[in-house]
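Residue numbers (the numbering used here): 4 to 302.
We treat Cβ as the ideally placed atom computed from N, Cα and C, and that holds for glycine.
Worksheet: one structure, shown below.
Put into structure tokens, the structure is as follows:
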């Protein structure tokens with residue numbers, strides 16, 4: 004795990020309400036340089052409001068958002084880059100022309116060839132933006148977010164609607180951007196995506212951060228049991244001994260939840276029970292979210 008020291012964003016007691024409802028209710032966290040920080044939560048949790056405050060789109064009622072390394076003479080818009088979940092691009096314009104158009108919006112930009120290469124746009128430069136596939140469009144939007152050479156990049160649901168292959172290609176791009184030392188703030192409803200990309204996550208619920216930390220550390224903190232599954236056809240003759248050990252039988256499989264995985268496996272081996280088709284379930288961030296909030300992140 005990378006070692007992060009320099010704080011890029013410092014959020015202190017941030018609050019924002021709408022018509023008496025606390026959308027953001029006194030949250031605190033730091034984002035460090037080179038980190039991918041995931042802000043997770045269902046619709047209505049307050050994460051979009053929080054992100055809009057960090058981006059300077061909305062103002063907080065109270066609290067503070069500080070970018071310690073932001074040069075005094077630099078506007079925040081030059082320091083950050085953004086992709087939105089829904090972004091409208093000009094009609095009847097090609098990819099290369101879109102890059103040129105957005106480059107003219109900033110006083111200083113990255114070399115276009117570098118952006119084209121980093122976001123793998125070489126094959127679609129002369130294609131109309133309306134004719135791009137979902138994955139191609141997301142690569143273009145990422146390029147536009149990088150065009151001003153930002154230190155911090157906000158990605159709002161960047162892979163929504165992409166097929167699995169396109170999603171994984173996009174993950175590879177994000178990893179390559181992290182290698183450049185960029186800091187990424189990610190919102191996503193895909194838990195495998197958060198697990199793959201994020202160094203830290205914060206889970207929001209009803210305007211508050213209810214848990215925060217490294218994904219693996221949080222899973223270890225909240226889940227100290229392993230779940231084993233065996234197909235019924237492999238264990239029918241051993242039903243009594245397995246039930247005595249604590250296995251629960253279902254229609255197609257038997258299941259055991261245990262804190263001592265080596266002991267459970269040893270029991271199976273000592274009793275000559277076939278474990279060729281055993282499945283050991285790993286807890287996921289979605290399991291964690293359900294445990295903490297009672298709802299799936301996708302609800």
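Item	Value
Provide the residue span of the beta strand (DSSP E) that contains residue 207, from first to last.	203–208
Alpha carbon to alpha carbon, how far is residue 191 from residue 116?	29 Å
Shortest alpha-carbon distance to residue 112 belongs to which of 82, 137, 272, 135?	82
Please give me, in chain order, every unbroken run of the alpha helix (DSSP H) with length at least 4 that falls completely inside the region 33–82.	50–57, 79–82
Report the partner residues of residue 11 according to the DSSP bridge assignment.	According to DSSP, which records beta bridges pairwise, residue 11 is partnered with nothing at all.
Could you tell me if residue 58 is buried or exposed, where buried requires 16 or more neighbouring beta carbons within 10 angstroms of its beta carbon?	buried
Suppose contacts are defined by Cβ-Cβ distances below 7 Å. Is residue 36 in contact with residue 42 by that definition?	no
Can you check DSSP and say which residues form a bridge with residue 257?	233, 252
With DSSP as the reference, please indicate the residues paired to residue 85 in a beta bridge.	157
If you draw a straight line from the alpha carbon of residue 39 to that of residue 114, how long is it in whole angstroms?	24 Å
Can you tell me which of 269, 159, 211 puts its alpha carbon nearest to the alpha carbon of residue 295?	211
Using the beta-carbon count (16 or more within 10 Å), is residue 161 buried or exposed?	buried
Out of curiosity, what's the CA-to-CA distance linking residue 123 and residue 99?	12 Å
With DSSP run on the structure shown, which of helix, strand or coil describes residue 126?	helix
Quick one, are the C-beta atoms of residue 194 and residue 44 less than 7 Å apart?	no
From what residue to what residue does the beta strand (DSSP E) around residue 284 run?	282–284
With respect to the beta strand (DSSP E) encompassing residue 190, which residues constitute its N-terminal and C-terminal limits?	186–190
Should residue 110 go down as buried or exposed, given a rule of 16 or more other Cβ atoms within 10 Å for buried?	exposed
Can you tell me which of 145, 77, 178, 157 puts its alpha carbon nearest to the alpha carbon of residue 101?	145
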